[in-house]
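Taking it in order: structure first as structure tokens, then the write-up.
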Amino acid sequence: MISGLNLSLVEEKRGNHESGGCGIAGSVPRALDTVWDQDQPERSPEHIDFLMDDRRAVFTRHGATKLPTELGEGYAAYIPVVQVDAQNYQVTSRFACSGKDRILDLNIARFAKGRDAVRDMIDLMRIAQKRYGEIHKCTVGK
């Protein structure tokens, strides 16, 4: 068990196909949140660049580990946010899926003692991208 939580959890969804998120409710802080965004015709072509520039600055400031190149441009880090519902373990990735730029963020509240959180975040991002491609009917990495 990655989180060490031993309680009943409920999925929550918000947003739409282009921009949204889902998470696991039932704990404070929430055990896991997933947020996605993609290029959209009504947005500037630089919108995804802007979002990724912001993430890159934050993750770099906190000594992030770069994700393997097959996951696109991305970072994993512990970001010490001080609030009761903080999800301090965060991983972000910008990747292509059927020709569109996508950004996928995973925000995780905690990892069980003894786990390698960075390795787990990278593995979770790999799973999340694969699932994203299946749900959104796009080919990850293309």
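Just so we're aligned, residue 1 is where the sequence shown starts under UniProt numbering, counting upward by one.
C-beta atoms are modelled at their ideal positions from N, C-alpha and C, and glycine is treated no differently.
Predicted model, so just to flag it, every value in this text is computed and none were measured.
- Pairing Arg-110 with Asp-39, the inter-Cα distance amounts to about 31 Å.
- The count of Cβ pairs closer than 8 Å, one atom from the stretch 110-120 and one from the stretch 130-137, stays below three, leaving the stretches out of contact.
- The bridge partners DSSP lists for Cys-138 come to none.
- Counting only runs of 3+ residues, the beta strand (DSSP E) found wholly inside the stretch 25-86 occupies 32-38, 73-78, in chain order.
- Distance from the CA atom of Phe-50 to the CA atom of Met-121, rounded to whole angstroms, is 23 Å.
- Closest in alpha carbon position to Val-140, among Leu-104, Arg-119, Ile-108, is Leu-104.
- Ala-96 and Ile-48 have their C-alpha atoms roughly 11 Å apart.
- The Cβ atoms of Val-35 and Ala-76 lie no closer than 8 Å to each other.
- The Cβ-Cβ distance between Met-52 and Arg-94 falls below 8 Å.
- Shown here, Ala-109 sits in coil according to DSSP, grouped into three states, outside any helix or strand.
- Closest option to Arg-43, judged by alpha-carbon separation, among Ile-135, Tyr-89, Leu-71, Ser-19: Ser-19.
- Rounded to whole angstroms, Arg-61 and Thr-92 show a C-alpha spacing of 14 Å.
- For Ser-93, the enclosing beta strand (DSSP E) stretches over residues 89-97.
- As far as DSSP is concerned, Lys-130 takes part in no beta bridge.
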